[in-house]
Every structure is written in C-alpha cells, then in structure tokens.
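In the working numbering, the protein residues as written are 3 to 181.
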C-alpha cells in the first residue's frame, strides 16, 4: 500500500480535534446476546453497558483456545444454573478477552484466563471480587478444577447485595451440592 497524504492529514486533524474514536477489538455484536441458559455472550462493544448496572454481575473471562477455560466451564455453568433460579437481580456473562478488548477498570486487569469476576450490585471497581481457582491433575492424570461449584457459589452468595427469591431453598441446594 502506498502512503496517502490526505488520509494522514485527515487522521491528524481528527486527532487534534478529538474526534478519532479509540480503536479496540470487538467481535460483531451478536443478534442475540443470550446463549442457551443464563449466560449472556458479551463482546467489547457491549461489555461496559452490561457491567454498568445496580444488579450483581458475574463475568467468566475466557479465551476460545484455552484448555483451562474449557475444564472450568462445567463448574462455572453449574453455579450459574443454580443461582439463576434464585437470583433475579444477578446477571451472568462470558467474554473472550483475546477477541474482545475490555476497557473498563478493573475488568481490564485480567492477567490470565480463565478468570471469574464478581461485582456486587451498586459496587464500583474497587468492589470487584476475583474468585480464585486452580486447575490440577487428579490421580488419573485428568485435569480438574480444585474450586468446587459449592465453594464458588458460596463466595458469590456471601458477596451478593440483592435478596434471593428463596434463600432457604438456595441454602438447601448449596448443602446438597458435592464438596
């Protein structure tokens, strides 16, 4: 490609005027953000509006080719399935941070995937909780998530700011979950 003086001059004029839109990665906005089940699929262009809410928000940050993300997904999914039945003011989403830039603090400070982040309703960036987990090999050499679904759900339940529709029923379900 050859150098285009007009394009360069237009770009510099736009930069000086402050009219150049910041460039960042974002997959195309899907026709529907809703996956089967309670997870919303976010892209760079929809992320900020999704987390800017008074609702409790759980975001699973992944990369499509990440084996640990795939290993942890069943645990995250079981927690989301359980909590979605009891938490009408809790939103659940996932985003591929390799294909989509996340420019909202502290969500943009994810150093590894998968990452599980929870924002209590009405909280600010300083209130985001990173839910820690580890992936390890079991006795058969198969990778598994060390953090159980029960432990993950309990962290979220303890941090949630909105009431659950049936807290007694939720507690019963948590008690019945495998450790």
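Each residue gets a CB set at the ideal place from its N, CA and C atoms; glycine is no exception.
For residue i, which three-state DSSP category applies?
i: residue 28; result: coil
i: residue 158; result: helix
i: residue 94; result: strand
i: residue 117; result: strand
i: residue 14; result: helix
i: residue 60; result: strand
i: residue 41; result: strand
i: residue 132; result: strand
i: residue 100; result: coil
i: residue 2; result: The structure shown does not extend to residue 2, since the chain is modelled only from 3 through 181, so no value can be given for it.
Find the nearest neighbour of residue i within the set the options, judged by alpha-carbon distance.
i: residue 22; options: 55, 49, 128, 13; result: 13
i: residue 66; options: 58, 60, 75; result: 75
i: residue 157; options: 85, 28, 126; result: 85
i: residue 120; options: 162, 112, 179, 101; result: 162
i: residue 45; options: 103, 60, 9, 11; result: 103
i: residue 1; options: 81, 125, 126; result: Outside the modelled stretch of the chain, which goes from 3 to 181, sits residue 1, for which no answer is possible.
i: residue 179; options: 154, 168, 169; result: 154
i: residue 24; options: 131, 30, 114, 47; result: 47
i: residue 96; options: 72, 83, 64; result: 64
i: residue 26; options: 113, 170, 101, 168; result: 101
i: residue 116; options: 160, 30, 29, 77; result: 77
i: residue 90; options: 29, 60, 8; result: 60
i: residue 79; options: 11, 10, 40, 159; result: 40
Can the beta-carbon of residue i be found less than 8 Å from the beta-carbon of residue j?
i: residue 93; j: residue 49; result: no
i: residue 166; j: residue 88; result: yes
i: residue 164; j: residue 98; result: no
i: residue 56; j: residue 123; result: yes
i: residue 176; j: residue 152; result: yes
Distance check for residue j and residue i, CA to CA, integer angstroms please.
i: residue 149; j: residue 5; result: 54 Å
i: residue 105; j: residue 68; result: 21 Å
i: residue 133; j: residue 33; result: 30 Å
i: residue 135; j: residue 30; result: 30 Å
i: residue 174; j: residue 20; result: 56 Å
i: residue 17; j: residue 28; result: 22 Å
i: residue 169; j: residue 83; result: 15 Å
i: residue 73; j: residue 129; result: 27 Å
i: residue 7; j: residue 15; result: 12 Å
i: residue 62; j: residue 71; result: 9 Å
i: residue 9; j: residue 54; result: 36 Å
i: residue 159; j: residue 114; result: 24 Å
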